[in-house]
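All remarks here apply to the structure that follows.
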Amino acid sequence: MPQRPVTELRTARLLLRPPEPRDLEPFALMCADPEVMEHIGLGRPLDRASAELGFATLLERWRRDGAGLFTVVRLEDDAYLGFAGTAPVPQHSVAGGETEVGWRLRRSAWGVGVATEAARAVLADVVDRRPDARVVALIRPANARSRRVAEKLGLVEETTGAGPRGETVVVYGGQAAACSIQSR
Ligand SMILES: CC(C)(COP(=O)(O)OP(=O)(O)OC[C@H]1O[C@@H](n2cnc3c(N)ncnc32)[C@H](O)[C@@H]1OP(=O)(O)O)[C@@H](O)C(=O)NCCC(=O)NCCS
């Protein structure tokens, strides 16, 4: 992706900003919640060491690419809600090499449209950087909430295959431009 200075994204209720070291604590808490992690990877919560590793990877991607998973905070009180953004799909996975748009929120933030609101801002930013970009979302078949988010964004179910850890995932895909102008 072409490089340009990292910006913050704002929506009606949210601020999306590149992650900072102070986000590690709430990130680790979120990833230690079995309900949050039920449909991610192999479905296990992350212990502290794995969360630290995951967070370091997230910081490193921003340093390397100038893009990645944004920290999502509530504008009203700066509360950490989770993350949303993009990541490259590993080559050995179904949809390998494509750009994945992803989202993960702490349990108390679910159910009020935060993921969709954040993902729309992410997609608009993707289009800003690369108007012809295609994005995918790899979602475990039983993750009905996440599948609904993908559908609301205008992504279309394309195929099913083995995800990065060999888990079965449904691939949703589409042009980011078509998704970011869609508002349902
Ligand atoms: C997936 C996740 C990000 C959704 O966040 P959210 O802010 O609650 O999502 P939204 O409110 O924007 O949209 C959720 C949609 O799913 C619907 N939904 C909720 N529970 C559902 C269920 N059990 N079955 C089907 N749809 C459901 C909601 O009604 C809403 O759709 P609507 O706007 O048409 O009513 C959140 O649940 C999460 O962080 N889960 C754990 C991490 C995760 O699985 N990440 C995705 C990995 S692919």
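The numbering of the sequence shown is this note's numbering, which starts it at 7 and goes up by one. The beta-carbon is built from N, C-alpha and C at its ideal position, and this holds for glycine as well.
For this session: Return yes when the Cβ of Val128 is within less than 8 Å of the Cβ of Leu22, no when it is not.
Result: yes
Exercise. What are the start and end residues of each continuous alpha helix (DSSP H) run of 4 or more residues lying completely inside the segment 11-72, in chain order?
Worked result: 30-37, 40-43 and 54-71
Problem set entry | Cβ contact (3+ pairs, closer than 8 Å) linking the segment 120-134 and the segment 99-108 | yes
For this session: Using alpha carbons as the reference points, say which of Arg136, Thr165 and Ala150 lies closest to Gln181.
Result: Cα-wise, what sits closest to Gln181 is Arg136.
For this session: Let me know if Val118 comes out buried or exposed under the rule of 16 or more other beta-carbons within 10 Å of its beta-carbon.
Result: That one is exposed.
For this session: Check whether the Cβ of Leu111 sits closer than 7 Å to any heavy atom of ligand 1, and report yes or no.
Result: yes
Exercise. Going by the C-beta, is Arg151 closer than 7 Å to any heavy atom of ligand 1?
Worked result: Distance from the C-beta of Arg151 to the nearest heavy atom of ligand 1 is below 7 Å.
For this session: Tell me Val100's beta-bridge partners as DSSP assigns them.
Result: In the DSSP output, where bridge partners are listed per residue, Val100 has none listed.
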